[in-house]
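K.L.:
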Amino acid sequence: MGLEANITVPIGEPEWNSEAAWKLPGWFEPIVVASILVGAMFFTRRRGYRIFRSRGPQSGILNEDPDSNSARSSDDLLSRENLYDAAADDDSEEPILTGEKYPPKKRRCCGTDLYTPNTSQFANHFHSKIMQKFPFLMEMFYWIITYAFYRSTNILSQAIFSKTGIWDVAQDHGLAVLEFEQFSWLSFLWPVREQDVQQWFMHGHQTFLTILNRSYALIHIPGTVGFIAWYYYVAPSHHTFAIVRRTMTLTNLLAFCIFIFYPCMPPRLLPQEYGFLDSVRHDDAQSVWMSGKYVNSLAAMPSMHFGYSFCIGCTMFYQSGIFRKRLEPGETRKSRFWTLFYILFGIGYPAWILVTIVATANHYYLDACVATVVALTAFFCNLAILSSLLRSTTISDHEEILKASNAVLKSSKNDPKALHTRVVALLNLDRFDDALRALDDGGDKLDQECVLEKAYALYKTGKLTEAEELVHRSGSDDRGLKHVAAQVAYRAEKFEDAARIYKELSSQKAPIEGEENDLRINSAAVDAQLEWQGNGNKVEPSRKKPTREDSEAFETAYNAGCGCIARGELTVAAILLKMARDLCEASDELSDEDKKAEILPIMVQQAFVFTKMGRLEEAETIQKMINVAEVPELPSRVIAQNNELAASTKNDNPYLTQRVFDSMPELKHTERHFEHQASILQRNHYVIDLQAQKFSGVAYSTSSIISKSPSPTLSPFVNSLSVLNAAAHTRGEPGKIGLKQILLLLEKRPNDVGLILTIIQLYVLTNNPGPAINLLESFFKRLEESSSPSDLDVRFAPGLVAVMVSLYKLSGRKDPIKIELEKAASYWRRKSKPAPSLLSAAGFSLLSSSNPEDFKAAGEIFSSLREQDGSDRVAIAGMVASYATTDFPKISSDLEKLPSVDRLIVGIDAEALEEAGIASIAPQPSASAGKKRSAIDTEKEKPAKKRHTRKSKLPKDYEEGKKMDPERWLPLRDRSSYRPKGKKGKKKAADATQGGVVKEEESLELVGGSAIKVEKAPPGGGGPKNKKKKGKK
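Structural data, given as structure tokens:
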């Protein structure tokens, strides 16, 4: 052949008398590779994900505060579909959202729309769950397919060169490579020939050659697979790993194409006169992967051994971080040791492979150079292909979208679509800070186009004020912006504004399918928060009653249950929460992890309700299922820990409780609790400090907060701190000693509502309501003299008015009750939305009078209540009672709306009640009786002797055997048979008590729906006023 004359041939044949050393069995390599793959599959599994669905929830939280994550609010309308709608082309003919549950995916390639099945429908199938549990299986399948494609290159190459003979073609290509290396203008790159390298190892360094032979066999397949498994586990992000994997994949593809169309004989297969020896086969060290019928032994160009090693070396340099100014999110700088290790490995490993492939005569120098060029080409083509995909296809992977948009921006920094797409991809990846930085880098034009995206990013990063200002400045009526505004108001605890926005959105037709359900969920969440905030009167009465729509989804049932808990309707709340839990467990659209996260707050509320209802066994059952460490969200974990401490009855060590409480993690700004949640946690902190005898610290801390708050105030948090402050000053002293200390505080803070209520409670507990009444009356008098509207609101606060009325009833004073309720009712009727409970109490107080003017005033009160809620039966009954005698036609139509008399008295035996008479309390034995007759009580007493009564002591009309009138000792007007004459007499009889004084209990309604029972005092107060003194007539 013409080429042979130009090549220097060494003298003599190559000789190597080495014997096969430490030969490995044929099964060793497959076992090593299989172990690497199985081990990687195990270590990269998704922890916490279960293939087989568990029937019941695995954990829960017992929430002392009934609002674990507060009422649930949905962000679904700000999902990727709505955000991509803004980034979509204006001339798009296909709607982005469809009514199908799993719509086909639309992809546009080469000007043609392609529709592929939506694989999301298989997410809950068994094979899909296996892939989700072991994601490395996808890499395993991929490399198996790659290896199979390599084995097919031999068949394709032989088919192409079948006429000319592939062996001769490959040998010519190999000799051409040798000639190029020795005689081309680039020959200076290879000063040492391949033959000289192998001869150096064969003569005097045969042990090293044996090691190189083993390295060639063991490193290519097992080493590369091991690297893929290792980097899949340690890569800073899956995005980085995907770049390495795609680069190696594209390297394979380009190399396989060269194998097919440019077969090249390796040096070891050239004729012996060229001075090469097949040392690997001579040493019996060939790999099992490189033997068999379909092995392509004529695939020297390019060297995939060196191509893989070059990719691995570059990855090691990247992993060291030495050439990177900015690390990836979550990545930390390596220590000097590991930085040096990665650098040395990145240089040493490709150099070792290069020596190996040359010394074993498996590749030429040029093979390694071509492999380097192929790897670099694969890396840059990777970015170019992604840029092309962004322009021509629709991608649903946000990581891929982000990479593609970044690739476009490298070639065109100001591409508006790429800038917008990058922002949307960052939002869908929950990288909100990065999205804000991308918006700032994009300039004012991008800010104007991405108002929705920027407002949403500000909201998610906790910059609520900036988000609110941005929405107001835009002045847009876009529904997406309104949703963001409502979410901002909800998170900022401006629940009235959120309710108003959701009401506006609900009044309009929802253009997006599913939005109506989301609006119902969010509106219910806002209503529940208003109830917890103490503004339940600002919720429409029709929305307070659960409807059938609330049972359609677990979110609506949950939020309705939250509202019932806030209103004290615990029985209804228990039913709704059970319904929500059942609906969530039966949902097919949620994975097991999602169900666990959704069921968690539902179980929290269930345990709270059961505890409040006294169903402690059921509450304890749920509490045993709680593992605080497994709570995914940090705010919920803090509340769960608090609730576990609050519900615990076994821990008697306050210092240990304080240590556990203080170990709770601190929350970030974006994870803060709502105000009523944070106030409960802070109060519990003070309570634990009081139990640990830290009186001075609690007194100082609470006094500091109270002094900064306005006084007087109706804030529950500030007033509760006043109670704790008083407890700290008493230092645990009960009774009168503690009361004296608190009275000293009252001199410093005379308008402290919490302190005043604490003193009143202590007076009531000591059965001394008089000073309590005087204290509250003097406080009211000071407020009435004030010109501040806020002071008047405190003066006529329904709760304080209820306390005053309760104190008056305890002391038996009826007239002041009527006056107090009339004053409060007249004040609140001038307000836009008065308290219904207070007006109802005032109306019923007026109805107890016989004055027609009072009946008229009561009718006006109940009429105003009915205007607020037309279905309020209490208001209807009050109106009927007010106008029944004066204006009957006005209320005649309302009689049908009230229960009939027969229905009210059903099951009541009137005759039995009359025969039973009036119940009386049996007199308690006096303490002076002592234990004198303890021995006689066991014996039957002898009947007393009948005493003879003189006739002068008997009544005038006494007859033997005749039953005497039991009311004969009462004055005539107090007897049941007494019938007064005249109008004045009848009026007095209506107000008097027939048959004497009767003690009975009546219920007084307080704010919040609760009530207290007080004993009616006898009319007139003390004893008879006209009792004559002894000795006077």
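The opening residue of the sequence shown carries number 1025 in the numbering used here; numbering runs sequentially from there.
Idealized CB from N, CA, C, for every residue including glycine.
#1: Taking the beta carbon of Glu1593 as the centre, do at least 16 other beta carbons fall within 10 Å, making it buried, or is it exposed?
#2: Out of curiosity, what's the CA-to-CA distance linking Ala1750 and Lys1619?
#3: Let me know the secondary structure DSSP gives Cys1474 once reduced to three states.
#4: Contact between the region 1352-1361 and the region 1272-1279: three or more CB pairs below 8 Å?
#5: Grab me the residues of Leu1460's own chain with a C-beta within less than 6 Å of its C-beta, minus the 5 sequence neighbours each way, in chain order.
#6: For Ala1796 versus Leu1831, is the C-beta spacing smaller than 8 Å?
#7: Do you know offhand how far Gly1721's Cα is from Ile1730's?
#8: Should the region 1602-1609 be called in touch with the region 1551-1565, which here means at least 3 C-beta pairs below 8 Å?
#9: Going by the CB atoms, is the gap between Pro1291 and Phe986 shorter than 8 Å?
#10: Could you tell me the distance, in whole angstroms, from the CA atom of Lys1805 to the CA atom of Val1788?
#11: For Ala1751, name the three-state secondary structure that DSSP assigns.
#12: Report the rounded CA-to-CA distance for Ser1181 versus Arg1455, giving the unit in angstroms.
#13: Report yes if the CB atom of Ile1589 is closer than 8 Å to the CB atom of Arg1605, and no otherwise.
#14: What does DSSP give as the partner residue(s) for Cys1588 in the beta ladder?
#15: Just checking, does the region 1154-1166 make contact with the region 1054-1070 on the three C-beta pairs under 8 Å criterion?
#16: Taking only runs of the beta strand (DSSP E) that begin and end inside the region 1707-1737, which ones reach a length of at least 3 residues, in chain order?
#17: Between the beta-carbon of Ser1744 and the beta-carbon of Arg1707, is there less than 8 Å?
#18: Here's the rule I'm using: 16 or more other beta-carbon atoms within 10 Å means buried, otherwise exposed. How should Gly1198 be labelled?
#19: On the premise that Tyr1514 lies in contact with Val1550, defined as a C-beta separation below 8 Å, what is that separation, rounded to the nearest angstrom?
#20: Please state whether the Cβ-Cβ distance between Glu1205 and Leu1390 is less than 8 Å.
#21: Would you mind sorting Met1828 into buried or exposed? The rule is 16 or more other CB atoms within 10 Å of its CB.
#22: Is the beta carbon of Leu1505 closer than 8 Å to that of Tyr1526?
#23: Any idea if Trp1556 is buried or exposed, counting beta-carbon neighbours within 10 angstroms, 16 or more meaning buried?
#24: Cβ atoms of Ile1367 and Ser1005: under 8 Å apart, would you say?
#25: Rounded to the nearest angstrom, what separates Gln2018 and Pro2004 at their Cα positions?
#26: Leaving out five residues before and five after Leu2107 in sequence, what residues of the same chain have Cβ atoms less than 8 Å from its Cβ?
#27: Ordered along the chain, which non-local residues of its own chain (more than five positions away) have a Cβ less than 6 Å from that of Leu1863?
#28: Figure out for me which residue from Asn1237, Trp1191 and Asp1302 has the closest Cα to the Cα of Cys1288.
#29: So the alpha helix (DSSP H) Asn1276 belongs to, where does it begin and stop?
#30: Taking the continuous alpha helix (DSSP H) assigned at Tyr1073, which residues delimit it?
#31: At 4 residues or longer, and completely inside the region 1339-1384: list those alpha helix (DSSP H) runs for me, N to C.
#32: Which stretch, first to last residue, makes up the alpha helix (DSSP H) that contains Met1637?
#33: For the 8 Å Cβ check, are there 3 or more pairs between the region 1874-1882 and the region 1902-1909?
#34: Which two residues bound the contiguous alpha helix (DSSP H) that contains Glu1593?
#35: In this structure, how does DSSP classify Ala1908 when only helix, strand and coil are distinguished?
#36: Would you tell me roughly how many angstroms separate the C-alpha atoms of Lys1764 and Leu1996, rounded to the nearest one?
P.N.:
Based on what the coordinates show:
#1: buried
#2: 46 Å
#3: Cys1474: coil per DSSP, three-state reduction.
#4: When Cβ pairs closer than 8 Å are counted between the two stretches, the region 1352-1361 is seen not to touch the region 1272-1279, the count staying below three.
#5: So the list reads Ala1481, once near-sequence residues are dropped.
#6: yes
#7: 14 Å
#8: no
#9: Since the first residue of the chain shown is 1025 and the last is 2057, residue 986 is not available in this structure.
#10: Roughly 21 Å between the two C-alpha positions.
#11: helix
#12: 49 Å
#13: no
#14: In the DSSP output, where bridge partners are listed per residue, Cys1588 has none listed.
#15: yes
#16: none
#17: Cβ distance < 8 Å, so Ser1744 and Arg1707 count as in contact.
#18: buried
#19: Taking C-beta atoms under 8 Å as the contact rule, Val1550 and Tyr1514 qualify, at a distance of about 6 Å.
#20: yes
#21: buried
#22: no
#23: By the neighbour-count criterion, in which a residue is buried when 16 or more other Cβ atoms sit within 10 angstroms of its Cβ, Trp1556 is buried.
#24: Past the boundaries of the shown model lies residue 1005; the chain is included only from 1025 to 2057, so the question cannot be answered.
#25: Low confidence applies to Gln2018: its pLDDT is 48, below 50, so where it sits in the model is not reliable, and the reading given next is rough at best. The alpha-carbon atoms of Gln2018 and Pro2004 are separated by roughly 12 Å.
#26: It is not possible to answer for residue 2107, since the shown part of the chain is limited to 1025 through 2057.
#27: Cβ contact annotation for Leu1863 (same chain, cutoff 6 Å, sequence separation greater than five): Ala1849, Ile1885 and Leu1889, in chain order.
#28: Trp1191
#29: His1262 to Phe1285
#30: Careful: Tyr1073 lies outside any alpha helix (DSSP H) and carries neither H nor E.
#31: 1360-1383
#32: Asp1616 to Met1637
#33: yes
#34: Note, Glu1593: premise wrong, no alpha helix (DSSP H); not H, not E.
#35: coil
#36: 51 Å
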